[in-house]
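Read the structure below first, then the notes.
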Amino acid sequence: MAKTHVKQMPRPAPKGKPAAALVADFCVDAQYLLLLGRWHGVTKDQEKSLKRALKHAKGKLVFVITGDGQGGTKRHPLYASERKLVVEGFARKLGRPYEVHAVADTSDSPAWTAHVCDVVKSESGGTTLLNAANTVLVSSNPDVNQHFARAGFKAIMPSTGGKLPIDLLQAVAAGRDWKAMATKETRAVYEREGIVERIVTLFREVLLNEDGELSHGRDYAVYSQGMDASMAVKIQDICPWIRPGYIVDKGCGTGTLLIHLSNLHPTSQIVGMDLSRDLLHRSESQHYPNHNVAVVMGNIIHKRFADGKVSTIIFSSVMHEVYSYNGYDRDQIRLALKNAWLELELHGRVIIRDGVKPKDGERLVWLRCKDAELEERFRKFAREFKGKSAKPGVAYEERVFDGVTHFRMTLHEANEFLSKKDYVTNWAMEVNEEFGVWTTDEWRKELTDLGYRVLKSDSYLNPWIEENRYEGHVWLFADKDGKLGERLPYCDTTGVIVAEKVETEGLT
């Protein structure tokens, strides 16, 4: 082993950030050694590096697994219970006292260190009290080291050479020889728990790419322009209902709404969360009027924030994506709302602004298009709508009345076509999305069943859409026993649903 220095060495840090206090792995004597990470596996190279780092470092080993509660996702394929098995397999080989804990992520970076210490204290029954005086961090992650350095902790940084757990996961996903790089204990956990099959399935999902984004084919420049163009209306719908304090925009997109939230609520802490790296880069590059905005990557379905911490959670134009990109499963929306309930403080609010299903959506109607081009686009829609579902497409009847072609289908299906007909650039993705998941009455019932008190559950027809995209382009008519009936009004385009948490216990 190469010689090391006994003295502390300052680690170079980016300008404006404190340097982490790095201690060599020679004669380090601490009460606790904190090994913090995702722990999705231990590779042979990683095991050797950690053993070298710990060889001359004394102290009880405290393993902390991050991302608790996020198992079964691309970022965290293993559940916390499985990662504990991986850690224990490695820890037992070291022949030293150890304990293992799991910590849920938090976007509040300044409080991250205290959050970890608090969880360890709680899970250990108050016997393990980590602090800067008695604990040395063992981590190769520069961001983790920076967070703990700000709280005065010293750190040992093992080598990051050779194969790491991320390489292991990528090998499993690609069907390569992962066993050659994994330790015997890790291999045993993967095989016994069926983890290999799960990882392969997760990374085969065609609707999510390697970064966990919603599509391979979406033109984000066009998508962002469309989303931002409607921002003024969104602000009018959302902002009057916001409860200040700790505001989270789940599915923040380009961050345009975050700008307005920062301006309206300068003393609140505001967090934007999204699954798309492309959109997150755009939101990170925004200029916010106050230094109270943070942007984090995460799946809006899963619980990310501490129980009872958040004052307002916003779901703007994302709930239909939660439904559409998860097998058209409404239980995924219910899970997102349930986790939001847990994250909200008492009287905290959830604000949903999204497409809405017509209340009489199953009635049959006739649809007329302005020209042959739009008629052909409807036929394309009828073939491709919800193409990833078990029953894709739309069943319709085509008939000519007074020399003009009309199509008969349900009002809901007609409304879905109206909502998509102009998204030509991103057609391949938009046609797989079902905008109207629930009626406003169904939204009210779902939220009430989850323990919320509904403050608002209304919908409206966006006047700009009606004037510029509907009128003169498409017409709806009632069905009178297979014949053309009276002209019908266009359906509402937008639902606004607001609910608050009124109880702190009892959610099932």
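Counting in the numbering used here, the sequence shown runs from 436 upward without gaps.
Glycine included, C-beta positions come from ideal geometry on N, C-alpha and C.
Quick one: using the 10 Å Cβ neighbour count with 16 as the cut-off for buried, is residue i buried or exposed?
i	result
Ile-705	buried
Ser-824	exposed
Glu-848	buried
Gly-530	exposed
Gly-661	Caution applies to Gly-661, whose pLDDT of 42 falls short of 50 and renders its modelled position unreliable; the value that the coordinates give is listed next. Exposed.
Pro-724	exposed
Leu-564	exposed
Glu-935	buried
Ser-516	exposed
Lys-490	exposed
Ser-697	buried
Leu-781	exposed
Asp-503	buried
Glu-620	buried
Phe-740	buried
Lys-486	exposed
Arg-717	buried
His-841	buried
Trp-873	buried
Arg-627	exposed
Asp-795	exposed
Glu-902	exposed
Glu-719	exposed
Asp-927	buried
Phe-836	exposed
Between the beta-carbon of residue i and the beta-carbon of residue j, is there less than 8 Å?
i	j	result
Arg-678	Ser-746	yes
His-475	Arg-527	no
Lys-738	Leu-777	yes
Leu-714	Thr-689	yes
Lys-556	Val-571	no
Val-522	Val-535	yes
Tyr-514	Lys-495	no
Asn-924	Gly-871	According to the sequence as given, residue 924 is Pro; it is not Asn. The answer is no: Cβ separation not under 8 Å.
Asn-867	Ser-759	yes
Met-592	Asp-602	no
Ile-694	Gln-721	yes
Leu-846	Arg-798	yes
Lys-425	Phe-583	Not covered by the structure: residue 425. The range shown for the chain is 436 to 943.
Leu-890	Val-839	no
Gly-506	Asn-576	no
Arg-834	Asp-914	no
Glu-832	Gly-886	no
Gln-481	Leu-599	yes
Leu-469	Val-573	yes
Val-538	Val-499	yes
Ala-567	Gly-587	yes
Gly-930	Thr-875	yes
Trp-676	Arg-784	yes
Ile-735	Met-708	yes
Lys-479	Thr-618	yes
Ile-682	Pro-512	no
Gly-687	Val-730	The residue you asked about is not Gly; residue 687 is Cys in the sequence shown. Yes, the Cβ-Cβ distance between Cys-687 and Val-730 is below 8 Å.
Leu-779	Ile-748	yes
Ends of the beta strand (DSSP E) at residue i?
i	result
Arg-788	779-789
Gln-466	463-472
Ile-705	704-709
Met-732	728-732
Starting from residue i, follow the alpha helix (DSSP H) in both directions and report where the run begins and ends.
i	result
Lys-495	Not the alpha helix (DSSP H): Lys-495 falls in the beta strand (DSSP E), residues 492-500.
Ile-673	666-673
Ile-406	The question about residue 406 has no answer here: the residues shown for the chain are numbered 436 through 943.
Glu-534	Run containing Glu-534: none in the alpha helix (DSSP H); it sits in the beta strand (DSSP E), 533-537.
Thr-621	619-627
Lys-479	479-489
Phe-525	515-529
Met-864	862-865
Phe-813	807-819
Ala-608	600-609
Val-757	754-759
Please determine if the stretch 887-899 and the stretch 851-864 are in contact, where contact requires at least 3 C-beta pairs separated by less than 8 Å.
no
Taking 8 Å as the threshold, find out whether the stretch 747-755 comes into contact with the stretch 768-788 through three or more Cβ pairs.
yes
Whether or not the stretch 784-795 and the stretch 803-818 are in contact is what I'm after, with contact meaning three or more pairs of Cβ atoms, one per stretch, closer than 8 Å; do they touch?
no
Please give me, in chain order, every unbroken run of the beta strand (DSSP E) with length at least 3 that falls completely inside the stretch 868-898.
887-895
Contact the stretch 912-922 vs the stretch 796-803: 3+ CB pairs below 8 Å
yes
Within the stretch 824-853, ranges of the beta strand (DSSP E) (whole runs, at least 3 residues):
832-836, 839-845
Sequence ranges, alpha helix (DSSP H) only - wholly within the stretch 542-579, length at least 4
547-558
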